[in-house]
Amino acid sequence: MTDVQRPNRWKRFEDWDNRPLRLDKFAREDPANGFAAFTSPSDPKPGAELKAGKIVSMDGVAAEDFDIIDAFIARYHLDPAITPEAMAIPSDRLARMLVDMNLPRTDLVRLARGLTPAKLADVVARLNALEIAFAYAKMRARKTPGNQAHVTNAKDDPLQMAADAAIAVALGFDEIETTMRVSRNTWSNALACAVGAAVGRWGTLFQCSSEEAEELKIAMAGFTSYAETVSVYGTERSFADGDDTPWSKAFLAAAYASRGVKMRCTSGAGSELLMGFHETKSMLYLEARCLCLQRGMGVQGTQNGGIDGAPVTATVPGGMRELMAENLIAVWLDLECASGNDARPTESEIRVGAKILPYLISGSDLICSGFGSILAYDNSFNPSLFNGEELEDFLVLQRDFEADGGLTPVGEGQTLDLRARAVDALSAVFEALDLGRPSEAMKASVVAASGSADTDSYSPGAVAAISQKIMERGITVIDVIRALQERGYEAEAENLLRVVKLRVSGDYLQTSAVIRDGRVLSAINDPNDYQGPGTGYRTSEERRREIVEIRDTLDQGAVLREEARFEKGEAARILYTPKSAAMPGTARNEVVIGLSPAFGLRLFRTTAGHHLSDVARRMTDAIAARGLTVRFVRMHHTADTSFLGLSAAKLSGSGIGIGLQAKGTAVIHSADRLPHNNLELFSNAPITTLDHYAGLAANAAAYALGEQPEPIVVSTRGEAMGARYHAPTALIHAIETELVQNGAAPEEIDLTFLDPPTGMKR
Amino acid sequence: MTPELTLADYPLAETRPETVRGARGIPIDRITVKAVMAGDIGMEDLRITPAALLAQAGIARAAGRQTLARNFERAAELVDVPQDIIMDTYEMLRPGRVNDPADLIARADMLAHDYNATAIADFLREAAEIYARRGFFAGRSEGAT
Chain A
1 MTDVQRPNRW KRFEDWDNRP LRLDKFARED PANGFAAFTS PSDPKPGAEL KAGKIVSMDG
61 VAAEDFDIID AFIARYHLDP AITPEAMAIP SDRLARMLVD MNLPRTDLVR LARGLTPAKL
121 ADVVARLNAL EIAFAYAKMR ARKTPGNQAH VTNAKDDPLQ MAADAAIAVA LGFDEIETTM
181 RVSRNTWSNA LACAVGAAVG RWGTLFQCSS EEAEELKIAM AGFTSYAETV SVYGTERSFA
241 DGDDTPWSKA FLAAAYASRG VKMRCTSGAG SELLMGFHET KSMLYLEARC LCLQRGMGVQ
301 GTQNGGIDGA PVTATVPGGM RELMAENLIA VWLDLECASG NDARPTESEI RVGAKILPYL
361 ISGSDLICSG FGSILAYDNS FNPSLFNGEE LEDFLVLQRD FEADGGLTPV GEGQTLDLRA
421 RAVDALSAVF EALDLGRPSE AMKASVVAAS GSADTDSYSP GAVAAISQKI MERGITVIDV
481 IRALQERGYE AEAENLLRVV KLRVSGDYLQ TSAVIRDGRV LSAINDPNDY QGPGTGYRTS
541 EERRREIVEI RDTLDQGAVL REEARFEKGE AARILYTPKS AAMPGTARNE VVIGLSPAFG
601 LRLFRTTAGH HLSDVARRMT DAIAARGLTV RFVRMHHTAD TSFLGLSAAK LSGSGIGIGL
661 QAKGTAVIHS ADRLPHNNLE LFSNAPITTL DHYAGLAANA AAYALGEQPE PIVVSTRGEA
721 MGARYHAPTA LIHAIETELV QNGAAPEEID LTFLDPPTGM KR
Chain B
763 MTPELTLADY PLAETRPETV RGARGIPIDR ITVKAVMAGD IGMEDLRITP AALLAQAGIA
823 RAAGRQTLAR NFERAAELVD VPQDIIMDTY EMLRPGRVND PADLIARADM LAHDYNATAI
883 ADFLREAAEI YARRGFFAGR SEGAT
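Residue numbers (our numbering), protein chains in the order written: chain A, 1 to 762; chain B, 763 to 907.
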């Protein structure tokens with residue numbers, strides 16, 4: 001029994017409730033309902049039996065009981081010449097082989113042709129997240145990593161589509177994928193992306209995700225160069241529900257190749273769960289079936305790693321590791337991998353950063369199978385893991401880890417030129433083909449716009465009419481190339497023709513093909529040859545220079561130029577008059593303020609932006625207000641705050657001194673204390689106010705008078721001060737230390753305040 | 763095109779451009795913007811040929827990608843099959859579109875006979891057999907269940 005009221009909740013939970021993370025929902029492991037990432041009691045034991053060179057059972061199912069997926073895998077994926085040998089290797093050993101850098105990728109790829117879905121899943125499940133990432137770096141097919149962008153907008157505005165496509169090209173995306181809000185707008189979107197992607201350089205592949213038959217028609221007209229929406233599923237019923245079969249999809253794969261169009265399939269954990277036909281199997285096992293199916297179909301690659309199912313997969317324990325594991329199976333099966341990192345699986349930026357890192361450092365054929373190069377609300381696929389908002393975060397991650405994520409920073413001036421060029425080129429095409437006459441105001445709004453909310457351009461309905469005309473009049477890429485050339489967009493005409501010409505040779509139909517510097521690069525002529533440090537993909541010096549060139553970087557010259565802007569103003573407010581060498585004082589009523597070497601000579605503001613004259617004046621006034629005098633001394637032997645303070649204290653008749661650096665760090669010291677055992681310290685100069693400095697000086701006076709004042713505390717709200725200020729602070733401090741002379745004596749200095757300090761009337 | 767292509771011949775458009783031709787025989791180095799403006803180039807000239815697909819199949823096989831090679835070989839058979847027949851055949855292969863296996867077999871025979879698409883025809887016949895066993899000929903879109 002007690003009168004003390006017991007709180008009903010620790011308030012920290014309320015803080016946690018308010019974090020973006022708590023918008024995410026987490027599911028309990030529940031294999032019976034499909035919520036199991038790696039293993040389920042229903043997953044079959046790996047196995048394969050052959051009779052007379054034919055598969056008679058696979059993963060515990062006899063051939064006569066094969067469902068449509070088993071049947072396809074047994075017939076087209078499993079190689080009877082390899083299956084007995086590969087299946088006989090214990091899973092533990094295969095797992096170790098995957099992370100053995102001395103064992104070439106090609107050996108493992110050969111064995112994969114004889115491994116069943118259950119075996120593949122069983123092996124990769126034995127690797128932890130780090131091992132999966134490492135194995136992925138070794139096993140992915142093409143050596144040079146790449147990336148893919150989504151280019152869409154909420155209005156299906158073709159002008160914005162073209163401008164954003166041109167930006168995606170400049171950023172270095174190897175592929176751009178568009179889709180539409182209104183399905184009738186496909187043709188317009190595809191044409192606009194094709195024109196935008198031809199601005200700047202040639203070689204970015206483009207596609208328009210739409211209904212299968214329509215997509216193939218658009219490809220035939222030359223407005224797309226690849227396809228990736230050919231979905232496959234891991235259970236028979238989800239396949240049927242997706243309105244396809246392995247045979248229909250394999251037929252479609254051949255149809256795309258027959259038209260010279262690059263194609264990959266799509267699959268990923270969680271799709272069967274979302275469709276309700278998971279057969280109580282684990283996500284990884286079902287995805288292993290999808291991937292064996294894809295290799296059997298003879299597609300060059302896959303888009304996997306959850307994809308639309310990534311968000312639900314991320315709700316289960318180990319979900320993110322599972323997404324990595326299924327990508328690993330894809331590359332082990334020698335498929336090009338557009339490795340997900342697509343649908344945003346979380347509201348937590350920490351989970352976003354953690355999700356991308358393994359892919360960034362291990363590399364991938366296409367790290368994101370849809371990086372939102374546009375703003376999140378403009379993404380017609382739904383927001384991506386990374387969106388236009390966070391694009392610079394990705395660029396900085398590349399720089400942090402010196403890892404090639406396929407992107408290159410672009411300059412501000414360059415972006416406006418590209419956007420204007422793309423918008424003008426598309427407008428010219430529209431006019432030449434009598435599809436529309438966008439006004440100058442429409443064009444200008446798009447060039448400047450960050451997203452469709454800023455534009456005054458086409459509406460979805462107006463686009464539908466344009467799209468209809470393109471389709472009905474049978475306009476092809478040839479017409480667009482002619483229009484570009486006629487209207488003076490010769491480079492764009494050339495670039496567009498080059499991309500369409502790729503389909504004649506079919507070189508880019510090979511595994512993991514992209515176009516770099518005007519040449520086809522694929523697993524054939526750029527095979528991943530990772531075998532430990534110094535092998536595999538390494539950023540060249542030239543590529544590294546591109547990656548590190550993010551905008552707004554600092555160096556000492558920038559700091560000094562910035563400071564020089566304030567030199568004149570300070571000269572009008574304060575006069576520093578050096579006197580003789582400073583001698584120890586005897587007056588008990590003085591406080592000595594020790595200034596840093598560059599104070600008022602090369603540096604003129606604190607990091608909070610206060611004029612040094614104002615700081616010195618407020619401190620002088622505060623000490624005078626207590627009836628004490630101030631003596632200023634410039635230190636030459638040190639720039640360190642503690643020693644500035646201690647040296648000042650030792651010169652001070654009262655034994656109390658203040659150390660003050662130009663950047664605003666200040667300390668009160670006492671002559672009888674150890675160097676770093678000061679009385680009071682302001683270490684957060686960027687948020688220290690003039691009142692704080694006045695308070696600190698008043699306290700110094702109080703100590704000199706023998707009082708014990710309440711220390712002045714500069715309160716913070718937890719800002720990442722170090723992140724904001726460490727680079728400039730270190731550069732500023734280097735300016736101070738450059739002036740330090742060993743053993744140089746402190747110099748007494750008179751400060752004359754010439755004007756009322758800014759913002760203060762006297 | 764010689765069948766014995768090696769990995770060193772890849773990319774064909776870069777190493778042997780003279781052998782790469784569009785569907786009407788125009789070599790790729792003559793497919794230029796100038797030719798487009800002169801009206802000499804149509805979509806037909808930007809189409810891949812069976813020969814190019816078979817060459818890519820050879821390269822894929824040399825790289826150890828047997829299944830990819832087979833897909834290119836099936837694709838080579840489809841090059842001359844008109845778009846509407848391709849889309850119609852795809853539609854027939856979707857679940858429940860065809861209720862009688864004989865229809866699919868008839869389509870296989872037609873593709874083999876009219877377009878010499880024998881691998882595709884075998885592929886369709888095989889689908890007919892599996893579909894029958896797994897009930898994929900049952901009407902689905904009618905909503906009977």
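All C-beta atoms, glycine included, are put in the ideal place defined by N, C-alpha and C.
For residue i, the three-state DSSP class (helix, strand or coil)
| i | result |
| --- | --- |
| Ser210(A) | coil |
| Ile307(A) | helix |
| Ala852(B) | As written in the sequence, residue 852(B) is Tyr, which differs from the Ala given in the question. Tyr852(B) falls in the helix class under three-state DSSP. |
| Cys265(A) | strand |
| Met180(A) | coil |
| Pro789(B) | strand |
| Phe834(B) | helix |
| Ile821(B) | helix |
| Tyr226(A) | strand |
| Ile687(A) | helix |
| Ile668(A) | strand |
| His278(A) | coil |
| Ala782(A) | Here chain A covers residues 1 to 762 and nothing more, so residue 782(A) does not appear. |
| Pro527(A) | strand |
| Thr315(A) | coil |
Min CB distance residue i to chain A below 8 Å
| i | result |
| --- | --- |
| Asn861(B) | no |
| Pro773(B) | yes |
| Pro844(B) | no |
| Ile793(B) | yes |
| Gly784(B) | yes |
| Glu776(B) | yes |
| Leu767(B) | no |
| Thr880(B) | no |
| Ala889(B) | yes |
Cβ separation of residue i and residue j, assumed to be a contact under 8 Å, to the nearest whole Å
| i | j | result |
| --- | --- | --- |
| Thr229(A) | Thr266(A) | 6 Å |
| Leu815(B) | Phe834(B) | 5 Å |
| Val767(A) | Arg421(A) | Since the first and last residues shown for chain A are 1 and 762, residue 767(A) lies out of range. |
| Gly594(A) | Met635(A) | 5 Å |
| Thr204(A) | Ile167(A) | Between Ile167(A) and Thr204(A) the Cβ distance is about 11 Å, and since that is not below 8 Å, they are no contact. |
is_contact[residue i, chain B] using C-beta, thresh 8 Å
| i | result |
| --- | --- |
| Gln510(A) | yes |
| Thr302(A) | no |
| Pro7(A) | no |
| Gln485(A) | yes |
| Arg295(A) | yes |
| Asp24(A) | no |
| Ile481(A) | yes |
| Asn525(A) | yes |
Range covered by the beta strand (DSSP E) that runs through residue i
| i | result |
| --- | --- |
| Lys764(A) | Residue 764(A) is absent from the model: chain A starts at 1 and stops at 762. |
| Ile658(A) | Ile656 to Leu660 |
| Ile68(A) | From DSSP, Ile68(A) is part of no beta strand (DSSP E) but of the alpha helix (DSSP H) over Ile68 to Phe72. |
Terminal residues of the alpha helix (DSSP H) in which residue i lies
| i | result |
| --- | --- |
| Glu326(A) | Gly319 to Trp332 |
| Gln485(A) | Val477 to Glu486 |
| Gly172(A) | Unbroken run through Gly172(A): none, as it is neither H nor E. |
| Phe899(B) | Here Phe899(B) belongs to no alpha helix (DSSP H), and DSSP marks it neither H nor E. |
| Gln148(A) | Unbroken run through Gln148(A) is the beta strand (DSSP E), Gln148 to His150; no alpha helix (DSSP H). |
| Ile867(B) | Pro863 to Tyr877 |
| Thr106(A) | Arg105 to Ala112 |
Proximity test, Cβ basis, 8 Å: residue i and chain D
| i | result |
| --- | --- |
| Met872(B) | Any reference to chain D falls outside this structure, whose protein chains are A and B. |
Can you pull out the residues from the stretch 237-255 of chain A whose beta carbon lies closer than 7 Å to at least one beta carbon of chain B? Contacts with chain B (Cβ-Cβ distance below 7 Å) from the stretch 237-255 of chain A involve Ala240, Asp243, Asp244, Thr245, Trp247, Ser248, Phe251, Leu252, Ala253, Ala254 and Ala255, listed in chain order.
Near-chain B residues of the stretch 141-170 of chain A - C-beta to any C-beta below 9 Å: none
Chain B contacts made by the stretch 215-234 of chain A, where a contact means CB separation under 9 Å: Leu216, Lys217, Met220, Ala221 and Gly222
For the stretch 271-290 of chain A, list every residue whose C-beta sits within 9 Å of some C-beta in chain B, in sequence order. none
Please identify, using Cβ separations under 8 Å, the residues of the stretch 813-836 of chain B that lie next to chain A, in order along the chain. Ala814, Leu815, Ala817, Gln818, Ile821, Ala822, Ala825, Gly826, Arg827, Gln828, Thr829, Leu830, Ala831, Arg832, Asn833, Phe834 and Arg836
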